[in-house]
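Q: Okay, so the sequence shown: first residue is 1 according to this note's numbering, each after it adds one. Think of the CB as a built atom: it goes at the ideal place given N, C-alpha and C, for glycine as much as any other residue. Keep in mind the model is a prediction, meaning the values are calculated, not measured.
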Amino acid sequence: MECTYCASNLAGYDPVFVEETAADGSRVGAGGFCNYACLAAHIEDTALTDGDTCAWSPDADGE
Numbered sequence: 001m002e003c004t005y006c007a008s009n010l011a012g013y014d015p016v017f018v019e020e021t022a023a024d025g026s027r028v029g030a031g032g033f034c035n036y037a038c039l040a041a042h043i044e045d046t047a048l049t050d051g052d053t054c055a056w057s058p059d060a061d062g063e
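(1) By DSSP, does Gly25 sit in helix, in strand, or in coil?
(2) How many angstroms separate the CA atom of Met1 from the CA atom of Thr49?
(3) Give me the DSSP bridge partner(s) of Glu19.
(4) Are the stretch 31 to 38 and the stretch 3 to 17 touching, with three or more C-beta to C-beta distances below 8 Å?
(5) Less than 8 Å between C-beta atoms, sequence neighbours within five positions excluded: which residues of the same chain meet that for Ala22?
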């Protein structure tokens, strides 16, 4: 198996595996990474967290 981000062979590492939740609630493999650095780079490069945070404003009305 290869790293989802850098394509290195995972056999020489203590890899990090990621799962997603399918519509039916079951877990589905989403990739394997050499280490947390490759996982973090993959998250950044694919913008997986864009739009996934709460909006905050210092104004009382939230705008």
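A: From the atom records:
(1) Looking up residue 25 in the sequence shown gives position 25. In this structure, Gly25 counts as coil in the three-state DSSP scheme.
(2) On the sequence shown, position 1 is the one that residue 1 refers to. On the sequence shown, position 49 is the one that residue 49 refers to. Taking C-alpha positions only, Met1 is separated from Thr49 by approximately 25 Å.
(3) Here residue 19 corresponds to residue number 19 of the sequence shown, with the count starting at 1. The partner list for Glu19 (beta bridge, DSSP) reads Gly29.
(4) Remark: three or more beta-carbon pairs, one from each stretch, lie closer than 8 Å, so the stretch 31 to 38 and the stretch 3 to 17 are flagged as touching.
(5) In the sequence shown, residue 22 corresponds to position 22, counting from 1. Cβ within range, chain order: Val28.
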